[in-house]
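Asks: Under the working numbering, think of the first position of the sequence shown as 66, with each following residue one higher.
Idealized CB from N, CA, C, for every residue including glycine.
So that we are looking at the same thing, I have put the structure below in structure tokens.
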Amino acid sequence: MKIVYLSTQISSSGGAAKVTASKVNYFIENWGYEVSIISSNDEIEKTFFEFNPQVKFYFLNHKMKNPFSIISFYKQVNVLIKIINPDVILVNDNGFKAYFASLFIKKKNLWFEIHGSRIFLLQDKRSTIENRLILGVSNLLYKKFDKIILLNEESKTEWNHRDIAIIPNFVEPVSKIGINKIHSNRIIAVGRISVEKGYDRMLTVFEKVVADFPDWSLHIYGKIEDVGLYHSLLERKVPQVFFYGETLSIEEKIIESEFLIHAAYHEGMGMVLVEALNLGKVVVAFDVPFVVNGIIKDSINGFLAEDNNLLQFEEKMRLLIEDKELLSRMETTTKKSIPTYQLEGVVGQWERLFRSL
66 MKIVYLSTQI SSSGGAAKVT ASKVNYFIEN WGYEVSIISS NDEIEKTFFE
116 FNPQVKFYFL NHKMKNPFSI ISFYKQVNVL IKIINPDVIL VNDNGFKAYF
166 ASLFIKKKNL WFEIHGSRIF LLQDKRSTIE NRLILGVSNL LYKKFDKIIL
216 LNEESKTEWN HRDIAIIPNF VEPVSKIGIN KIHSNRIIAV GRISVEKGYD
266 RMLTVFEKVV ADFPDWSLHI YGKIEDVGLY HSLLERKVPQ VFFYGETLSI
316 EEKIIESEFL IHAAYHEGMG MVLVEALNLG KVVVAFDVPF VVNGIIKDSI
366 NGFLAEDNNL LQFEEKMRLL IEDKELLSRM ETTTKKSIPT YQLEGVVGQW
416 ERLFRSL
């Protein structure tokens with residue numbers, strides 16, 4: 066079986082790159098598949114996450130300046146696809162240009178891996194007409210893919226396609242990592258420093274919490290994508306907040322923490338939430354569609370605050386800080402609450418999908 070992934074920023078430390086690395090490595094090491102990755106918009110050609118050395122990478126640093134740039138990009142992609150001659154092409158770039166794969170790639174078995182909402186395509190800097198045009202075009206193009214693959218049932222409400230598969234991402238078995246209970250008074254947040262991740266409202270909440278619990282601290286891990294935002298967060302000088310950038314040892318950092326908080330305005334994959342639960346950590350998050358509320362079970366393995374209800378988010382954090390017994394009790398439910406994301410079940414779904422070709 067030959068597979069081509071059409072990705073973006075595969076060399077980054079983001080969740081999409083991490084999930085792709087895990088899947089690709091499994092396909093090669095357990096099934097002997099041949100995998101090639103065509104990636105765009107990479108700053109460097111050295112991957113942050115470890116890929117099996119058998120993976121063939123093709124980096125296309127093509128700037129998307131206008132519609133003609135998209136045509137030129139897919140000309141390059143089609144040259145590579147003709148050379149590789151894959152059995153299936155998986156598009157897991159969810160940017161606007163990815164939708165055009167269904168228009169320009171004529172190879173059979175063109176599948177679209179969707180890990181978010183089309184609302185992500187909208188940008189405040191664009192006019193209302195431009196945003197409506199983008200939604201309209203994307204709505205036409207995604208239906209031309211042979212198959213679309215969604216992360217959960219909830220997402221089906223947005224995607225009207227003749228052939229939909231539901232396959233969640235998987236987490237690495239905990240046995241590889243090991244867990245020890247540590248009482249550290251540390252709270253952790255993970256995700257790139259960008260507007261949509263909601264660090265502005267996270268710091269607003271934590272500033273009130275730390276005023277009453279000065280021995281607690283917030284540790285934030287993630288690539289600094291928006292430098293201006295990063296500096297504005299630093300300038301707020303909220304006590305006991307520490308930024309660390311990206312790290313390969315994020316599992317260890319999660320284990321060292323009491324619980325994880327997540328303040329994103331919208332969420333595409335939510336894998337850090339699953340990873341935290343898999344490591345026995347409770348999560349506090351805003352209830353945003355479509356991913357978060359499919360992972361966090363309110364008052365069972367974490368707390369869901371009404372979106373943008375900062376007071377409610379603050380109250381849930383205070384509850385976990387003050388009530389150690391509650392935190393400990395909820396921790397016992399975390400791993401059991403995510404059987405859908407365990408390795409064996411997820412890869413079995415992929416195997417059945419590939420064998421159906």
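#1: What runs of the alpha helix (DSSP H), each 4 residues or longer, lie entirely inside the stretch 101-165?
#2: If N358 and L342 are in contact, beta carbons under 8 Å, what's the gap, nearest whole angstrom?
#3: What do you reckon, are the CB atoms on V274 and W281 nearer than 9 Å?
#4: For Y98, I'd like the list of residues in its chain whose CB is within less than 7 Å of its CB, leaving aside the five on either flank, ordered along the chain.
#5: Within the continuous beta strand (DSSP E) that includes V236, where are the two ends?
#6: Tell me whether the beta-carbon of H327 lies closer than 9 Å to the beta-carbon of A350.
#7: Is it buried or exposed, Y309, if we count other Cβ atoms within 10 angstroms and call 16 or more buried?
#8: On a CA-only basis, which of Y139, W96, S137 is nearest Q119? Give me that one, please.
#9: Around the Cβ of L155, are there at least 16 other Cβ atoms within 10 angstroms (buried) or fewer (exposed)?
#10: Apply the 10 Å Cβ neighbour rule to L175 and answer buried if 16 or more other Cβ atoms are within range, or exposed otherwise.
#11: Measure from the alpha carbon of F122 to the alpha carbon of each residue in S134, F161, V100, then state which is nearest.
#12: Report the three-state DSSP secondary structure of Q407 (helix, strand or coil).
#13: Taking the straight line between their C-alpha atoms, what separation do you get for F378 and E272?
#14: The beta strand (DSSP E) that contains I170, what's its start and end?
#15: Relative to the C-alpha of N225, which residue among I232, Y207, L198, K346 is closest?
#16: So, are the CB atoms of D372 and D363 less than 9 Å apart?
#17: Please state whether the Cβ-Cβ distance between P404 and G413 is less than 9 Å.
#18: Would V255 pass as a contact of L325 if the rule is Cβ separation under 9 Å?
#19: Quick check on this structure: which residue in I252, S87, I320 has the alpha carbon closest to the alpha carbon of S78?
#20: Tell me which residues share the same chain as I109 and place their Cβ nearer than 8 Å to its Cβ, disregarding the 5 neighbours each side in the sequence.
#21: Just verifying my parser: in three-state terms, what is the DSSP assignment at K241?
#22: With a cut-off of 8 Å on the beta carbons, I'd call F165 and I214 a contact; round off their distance for me.
#23: Suppose contacts are defined by Cβ-Cβ distances below 9 Å. Is L375 in contact with R257 by that definition?
#24: For the alpha helix (DSSP H) containing Y91, name the first residue and the last one.
Replies: According to the structure shown:
#1: 132-149, 161-164
#2: Actually they do not touch by this definition, with Cβ atoms about 14 Å apart.
#3: yes
#4: M66, I68, F92
#5: Here V236 belongs to no beta strand (DSSP E), and DSSP marks it neither H nor E.
#6: Going by beta carbons, H327 and A350 fall inside the 9 Å limit.
#7: exposed
#8: W96
#9: buried
#10: L175 counts as buried, since at least 16 other C-beta atoms from the protein chains shown sit within 10 angstroms of its C-beta.
#11: Taking each of S134, F161, V100 in turn and checking the Cα distance to F122, the smallest one comes out for V100.
#12: strand
#13: 12 Å
#14: Looking at the DSSP string, I170 is not in any beta strand (DSSP E), and its letter there is neither H nor E.
#15: Y207
#16: no
#17: At least 9 Å separates the beta-carbon of P404 from that of G413.
#18: yes
#19: S87
#20: S76
#21: Because K241 carries a pLDDT of 48, less than 50, the predicted location of this residue cannot be relied on, and no value is offered for it.
#22: At roughly 18 Å, the Cβ-Cβ gap does not stay under 8 Å, so F165 and I214 are not in contact.
#23: Between L375 and R257, the gap from beta carbon to beta carbon reaches 9 Å or more.
#24: 80-96 is the span of the alpha helix (DSSP H), which, as asked, contains Y91.
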